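**Q** Numbering-wise, the sequence shown is residues 3 to 276 according to this note's numbering. Handing you this structure, nothing more for now.
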Amino acid sequence: MGALLALSSAVVYGIVDFTGGLLSRRVHHTAVTFLGQLGGLLLACAAALLLPADAVHPADLLWGALSGVGSGAAMWFLNRGLSRGDMTVVVPVSAVTGVALSVLCGVLVLGDRPGAVAWLGIAVTVPALWLVAGGKGAVGQGTADGLVASAGVAVQYLALAQAGAGSGLWPVAAGRVAAVLVLLPNAARHARRLRLPPDRCVQAALVGAGAALGLVLYLLAAQRQLLAVAVVLASLYPALPVLLGLALLHERISRRQVVGLLGSGLATVLLTLG
């Protein structure tokens, strides 16, 4: 059951990244991100009410809020990157670097001691990202946004991991509240960008709800499966938008990028297993 939940999380995240990227090319990424977080807030609160929580402490909600700050920033930069860069580059860069930063922060801040496998994954990450970016010295705008988004991804997972197991899904709901508040000033500055047709508003809200659902599925998987296994399975999500980008958007990648994508997948597995 845990493995199925983790794989479901990967599928949901993959669909969210692909559809969010497409929507960000049609409407402003600020609207996609902010309205998406509102949709995610509704879903997270509903899920938290449905799943019993043994004990919710203020510290759990604070960790959840910090996680939401990271996820809100990550989604804003990711959507901006997807609006002006290829999915076959932006998504793997944000995903793999997010895993690498999580490992490094765990070592430097939380006192984790990765094994040789994890350190090998960190070493593989750097050349893999260089190849995914095209093997060039200059970093494209989409790639730069993916790198910044990865920092938010790392904050999201590191902070959420500090919440107590008895808090249920309330840290996720607290995170959606924090994400909305963090994005509110930018949304206010671009208020006219939020005036979308009803169908676009619904689409943006569904993208955000999907992201919240992916996080919920991951947490449920981690509670029922070995953490390393759950992370590996859930981390497979970049493959879906990359494949969809190649098949449906006819994005082209070079041989270097193919090697970089394979290296990115290898790095993700090594980092999570280590």
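Idealized CB from N, CA, C, for every residue including glycine. Nothing here was measured: the structure is a model prediction, and the numbers come from that model.
Alpha carbon to alpha carbon, how far is Asp62 from Gln39?
**A** The sequence position of residue 62 within the sequence shown is 60, counting from 1. The sequence position of residue 39 within the sequence shown is 37, counting from 1. So the alpha carbons of these two residues sit roughly 20 Å apart.
**Q** Taking Cβ to Cβ, would you say Leu103 is nearer than 8 Å to Ala165?
**A** Position 101 of the sequence shown, counted from the start, is the residue given in the question as residue 103. Position 163 of the sequence shown, counted from the start, is the residue given in the question as residue 165. Their beta carbons are not under 8 Å apart, which means Leu103 does not touch Ala165 by this criterion.
**Q** Go ahead and label Pro187 buried or exposed: buried means 16 or more other beta carbons lie within 10 angstroms of its beta carbon, across all protein chains shown.
**A** The sequence position of residue 187 within the sequence shown is 185, counting from 1. When all chains shown are included, Pro187 counts as exposed.
**Q** Tell me whether the beta-carbon of Gly216 lies closer than 8 Å to the beta-carbon of Val18.
**A** Here the question's residue 216 lines up with position 214 in the sequence shown. Here the question's residue 18 lines up with position 16 in the sequence shown. Going by C-beta atoms, Gly216 is nearer than 8 Å to Val18.
**Q** Could you name each continuous alpha helix (DSSP H) segment of 4 residues or more that falls completely within the region 20-70, going from the start of the chain to the end?
**A** At a cut-off of 4 residues, the continuous stretches assigned as alpha helix (DSSP H) that sit fully inside the region 20-70 are 31-52.
**Q** Would you mind sorting Gly117 into buried or exposed? The rule is 16 or more other CB atoms within 10 Å of its CB.
**A** Counted from its first residue, the sequence shown places residue 117 at position 115. Burial call: exposed.
**Q** List the endpoints of the continuous alpha helix (DSSP H) containing Val111.
**A** For this step, residue 111 is matched to residue 109 along the sequence shown. Judged by DSSP secondary structure, Val111 falls outside any alpha helix (DSSP H); it is assigned neither H nor E.
**Q** Which residue's Cα is closest to the Cα of Leu242: Leu110, Ala8 and Val13?
**A** In the sequence shown, counting from the first residue as 1, residue 242 sits at position 240. Checking every option, the nearest Cα to that of Leu242 belongs to Val13.
**Q** Return the CA-CA distance between Gly139 and Leu80, expressed in angstroms with no decimal places.
**A** Locating residue 139 in the sequence shown gives position 137, where the first residue counts as 1. Locating residue 80 in the sequence shown gives position 78, where the first residue counts as 1. Only weak support is given to the placement of Gly139: the predicted model assigns it a pLDDT of 48, under 50, and the question is left unresolved by the model.
**Q** Would you please state the rounded distance, in angstroms, between the beta carbons of Val71 and Ala181? I believe it to be under 8 Å.
**A** As a first step, residue 71 must be located in the sequence shown, where it is residue number 69. As a first step, residue 181 must be located in the sequence shown, where it is residue number 179. About 7 Å; that satisfies the 8 Å criterion.
**Q** So is Val271 buried or exposed if we call it buried at 16+ other beta carbons inside 10 Å?
**A** For the purposes of this step, residue 271 is taken as the residue at position 269 of the sequence shown. Its Cβ being crowded by 16 or more others within 10 Å, Val271 is buried.
**Q** So, at 8 Å on beta carbons, what are the nonlocal neighbours of Gly74 in its own chain, with the 5 sequence-adjacent residues on each side left out?
**A** Here residue 74 is taken as the residue at index 72 of the sequence shown, counted from 1. Same-chain partners within the cutoff: Thr35, Gln39, Gly154, Ala180, Ala181, Val182, Val184 and Leu185.
**Q** Please list the terminal residues of the continuous alpha helix (DSSP H) segment that includes Ala193.
**A** On the sequence shown, residue 193 is found 191 positions in, with the first residue counted as 1. No alpha helix (DSSP H) holds Ala193; DSSP gives it neither H nor E.
**Q** Give me, in chain order, the residues of the same chain whose beta-carbon lies closer than 7 Å to that of Met3; leave out the 5 immediate sequence neighbours on both sides.
**A** By 1-based counting over the sequence shown, the position of residue 3 is 1. Within the same chain, Met3 has close Cβ partners Arg226.
**Q** So, helix, strand or coil for Arg254, using DSSP?
**A** Taking the first residue of the sequence shown as position 1, residue 254 is located at position 252. Three-state result, Arg254: coil.
**Q** How about Leu162 and Gly41: do their beta carbons lie closer than 8 Å?
**A** Taking the sequence shown and counting its residues from 1, the one referred to as residue 162 is at position 160. Taking the sequence shown and counting its residues from 1, the one referred to as residue 41 is at position 39. For the pair Leu162 and Gly41, the CB atoms are not nearer than the 8 Å cut-off.
**Q** Assuming Cys221 and Leu171 make a contact with CB atoms under 8 Å, what is their CB distance in whole Å?
**A** For the purposes of this step, residue 221 is identified with residue 219 of the sequence shown, where counting begins at 1. For the purposes of this step, residue 171 is identified with residue 169 of the sequence shown, where counting begins at 1. In the sequence under discussion, the amino acid at residue 221 is Leu, which differs from the Cys named in the question. Correct: roughly 7 Å between the Cβ atoms.
**Q** For Ile124, which residues from the same chain have a beta carbon less than 6 Å from its beta carbon, with the 5 sequence-adjacent residues on both sides left out?
**A** As a first step, residue 124 is located in the sequence shown; it is residue number 122 there, counting from the start. Excluding sequence neighbours, Ile124 sits near Ala102.
**Q** What does a CB cutoff of less than 6 Å around Tyr239 pick up in its chain, not counting 5 residues either side in sequence?
**A** Your numbering for residue 239 matches position 237 in the sequence shown. Within the same chain, Tyr239 has close Cβ partners Ala12, Tyr15 and Gly16.
**Q** Give me the Cα-Cα distance between Ala190 and Ala211, rounded to the nearest whole angstrom.
**A** Taking the sequence shown and counting its residues from 1, one reaches residue 190 at position 188. Taking the sequence shown and counting its residues from 1, one reaches residue 211 at position 209. Taking the straight line from one Cα to the other gives about 21 Å.
**Q** Is Arg178 closer than 8 Å to Ser85 when the C-beta atoms are compared?
**A** Walking along the sequence shown from the start, residue 85 turns up at place 83. Walking along the sequence shown from the start, residue 178 turns up at place 176. Cβ atoms of Ser85 and Arg178: not closer than 8 Å.
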